[in-house]
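2 protein chains.
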Amino acid sequence: MPGPRRSLPEPTLARLPVYQRIAVEFDRRDRGIILDSTTLGRLAGVAPATVRRDLSYLGALGTRGAGYDPATLVSQIDEVLGRSTVLDVAVIGMGNLGRALVNSSNFLGGVASLTALYDSDPSVIGTSIAGVPVSDIAAGIASVPMAVICTPPEVAQEVADQLVAAGTHAILNFAPIVITVPLGVAVRYVDFSIELQILAYQLMNGTGPLGGGVLHTLGITPPVRRPGS
Amino acid sequence: MPGPRRSLPEPTLARLPVYQRIAVEFDRRDRGIILDSTTLGRLAGVAPATVRRDLSYLGALGTRGAGYDPATLVSQIDEVLGRSTVLDVAVIGMGNLGRALVNSSNFLGGVASLTALYDSDPSVIGTSIAGVPVSDIAAGIASVPMAVICTPPEVAQEVADQLVAAGTHAILNFAPIVITVPLGVAVRYVDFSIELQILAYQLMNGTGPLGGGVLHTLGITPPVRRPGS
DNA sequence: GGATGTGAAGTAGTTCACAGCC
DNA sequence: GGCTGTGAACTACTTCACATCC
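Residue numbers (the working numbering), protein chains in the order written: chain A, 1 to 229; chain B, 1001 to 1229.
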């Protein structure tokens, strides 16, 4: 079994939204300017060759000798990321984090629409957050393609099971625990404490003050600025 | 330039806290039991060979024919992750997200101690959150080794510059923008909207309902459960 | 001239497969 | 017997370097 042959490598997938944010900004500010892979790479924190390789997966959208048109970039990335289809998403667990997420302006990233919120706390059930009413999780979960788990870790697996039973096929899990799902359900993890631990390690070892500080999260290498530049 | 030779591969580094959480749980529940790489791998969502390779970086701490002692695992991972040295961390930007983070019980992950909070909003400055007073960012930042940026993207670069000037060498950035720092400063990114976009893509293409749903965040592959198991 | 797009080379991480030890 | 620890093979991604085209 050679693996499900994802059409786009995951690190590339993670960088596309970054390129797009940059292109949006350029298109807004300097309409008509052309972005080359070196500039785009510097702003995105990525090597020029990597930028070109990434964008070449979307087809030949650059102009040799010049670069990439921001407007084209924006629409092509929209296309490949499927921004034309907005997916419904539910958030389970309306504690501090759940509330912070749904109130955050960039959370949905243009690909998703918030359709339901769930909690088990009677004092929260029935209230509205970001314009969406909070339902009682015990009363069942409506079918949604994507869901975000922001519950305490003890109940995360149970919630995941409920979601899967209700037809969810993509889960973003903020609970600090690995969840088990059937084949065919996509899960991604966001774990703040692990991120801090990695930073602490890198600060204490090698990659610290003398090392170079070039790290990778989401496959993104931040740009480096030498003392005099 | 062959790269700064980090002693531990980053994906391994990201998995160690996961193994440790599992080991802590086993040690608490069934004192004396021995964990083998297959079990540990299933719970962590990682192939057995990868578990063994990861743990072998910490030295030979398993017993051939048996497995790994949870208590040993916990203390060895503590050691390599540097849990003996607790680093001071500051959080900049006390909006919904900043507040949610500092109020979250597992945020500090045992490696950090929250020593300062900053914001620019007069109505927040002077209050205390999670027992730590919020200071005015305009009044300057005290020197801390690690910092977390939870500001809006427009001011994230400026805040990063202030932090670096104050001596910070590790930054966890939640603002949806790439920041530029001098060589020697470590930066990691957490971007919720990118995570959702990746999930949406994978749901729509290949890796969706029929594909396999095996994803990678933080280098962690979640375990898969076949319909009957 | 100058920047893209891409084979080829290089690098990092995963997985196999088995020797070694309990 | 069973499971670890690890060289060797494999796979995935990045980077080089250059032919190609505007």
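All C-beta atoms in this analysis are idealised placements derived from N, C-alpha and C, irrespective of residue type, glycine included.
Please list the partners that residue i has in chain A, where partner means a Cβ-to-Cβ separation under 7 Å.
| i | result |
| --- | --- |
| tyrosine 1201/B | Leu13, Leu81 and Gly82 |
| valine 1018/B | Val178 |
| leucine 1172/B | Glu195, Leu196 and Leu199 |
Short check: CB of residue i to CB of residue j, under 8 Å?
| i | j | result |
| --- | --- | --- |
| valine 1134/B | isoleucine 1125/B | yes |
| proline 153/A | isoleucine 177/A | yes |
| glycine 1067/B | cysteine 1150/B | no |
| alanine 142/A | alanine 116/A | yes |
| proline 101/A | valine 148/A | The amino acid occupying residue 101/A in the given sequence is leucine; proline does not appear at that position. Their beta carbons are under 8 Å apart, which means leucine 101/A touches valine 148/A by this criterion. |
| alanine 44/A | valine 18/A | yes |
| valine 1187/B | valine 1181/B | yes |
| isoleucine 1198/B | leucine 114/A | no |
| serine 1007/B | asparagine 205/A | yes |
| proline 11/A | leucine 35/A | no |
Which residue wins for smallest C-alpha separation from residue i, given the options the options?
| i | options | result |
| --- | --- | --- |
| alanine 1200/B | Gln20/A, His169/A and Glu195/A | His169/A |
| glycine 1184/B | Ser1193/B, Gly1167/B, Ser1084/B and Ile1149/B | Gly1167/B |
| serine 105/A | Ala116/A, Ile92/A, Ala130/A and Gly95/A | Ala130/A |
| valine 89/A | Asp191/A, Gln197/A, Leu203/A and Ile171/A | Ile171/A |
| glycine 110/A | Gly82/A, Asp27/A and Thr38/A | Gly82/A |
| leucine 163/A | Glu79/A, Tyr118/A and Asp36/A | Tyr118/A |
| valine 144/A | Ala1186/B, Leu1108/B and Leu1203/B | Leu1203/B |
| serine 84/A | Gly59/A, Ala112/A and Ala47/A | Ala112/A |
| serine 37/A | Leu73/A, Arg28/A and Leu13/A | Leu73/A |
| glutamate 245/A | Leu13/A, Leu40/A and Thr12/A | Lying before the first or after the last residue shown, residue 245/A is absent from chain A, which here runs from 1 to 229. |
| phenylalanine 1174/B | Ile179/A, Phe192/A and Ala160/A | Phe192/A |
| aspartate 121/A | Phe107/A, Met146/A, Gly95/A and Leu108/A | Gly95/A |
| isoleucine 179/A | Gln157/A, Gln197/A, Phe107/A and Ile198/A | Gln157/A |
Exposed or buried, what is residue i when buried is set at 16 or more other beta-carbons lying within 10 Å of its beta-carbon?
| i | result |
| --- | --- |
| arginine 21/A | buried |
| glutamate 1195/B | buried |
| valine 1086/B | exposed |
| threonine 1063/B | exposed |
| tyrosine 57/A | exposed |
| arginine 15/A | buried |
| proline 1009/B | exposed |
| threonine 127/A | exposed |
| arginine 1029/B | exposed |
| glycine 65/A | exposed |
| alanine 1160/B | buried |
| glycine 1093/B | buried |
| arginine 1031/B | exposed |
| alanine 23/A | buried |
| isoleucine 33/A | exposed |
Taking Cβ-Cβ distances shorter than 9 Å, what residues in chain A pair up with residue i?
| i | result |
| --- | --- |
| threonine 1085/B | Ala200 and Met204 |
| valine 1111/B | Ser193, Leu196, Gln197, Leu199, Ala200 and Tyr201 |
For a contact meaning CB atoms closer than 9 Å, what does residue i contact in chain B?
| i | result |
| --- | --- |
| serine 104/A | Gly1095, Asn1096, Leu1097, Phe1192 and Ser1193 |
Which bits of chain A does residue i rub up against, with CB to CB less than 8 Å?
| i | result |
| --- | --- |
| proline 1070/B | Per Cβ cutoff of 8 Å: no residues; proline 1070/B is ~16 Å from chain A at best. |
Show which residues of chain B have a CB atom less than 7 Å away from the CB atom of residue i.
| i | result |
| --- | --- |
| alanine 156/A | None at all; the shortest Cβ gap to chain B is about 12 Å. |
| serine 101/A | At residue 101/A the sequence reads leucine, which differs from the serine that was named. The answer, in chain order, is Phe1192. |
Using a cut-off of 8 Å between C-beta atoms, extract the partners of residue i located in chain B.
| i | result |
| --- | --- |
| glutamate 108/A | First, the residue type needs correcting, since residue 108/A is leucine and not glutamate in the sequence shown. Under the 8 Å cutoff, chain B gives Ser1193 and Leu1196. |
| proline 145/A | Leu1203 |
Residues from the region 1184-1201 of chain B in contact with chain A, defined by Cβ distance under 7 Å
Gly1184, Val1185, Ala1186, Val1187, Arg1188, Tyr1189, Val1190, Asp1191, Phe1192, Ser1193, Ile1194, Glu1195, Leu1196, Gln1197, Ile1198, Leu1199, Ala1200 and Tyr1201
May I ask you to list, following chain order, the residues of the region 27-51 of chain A that have a beta carbon less than 7 Å from some beta carbon of chain B?
Against chain B - using a Cβ distance shorter than 7 Å - the residues of the region 27-51 of chain A are Leu43, Ala44 and Gly45.
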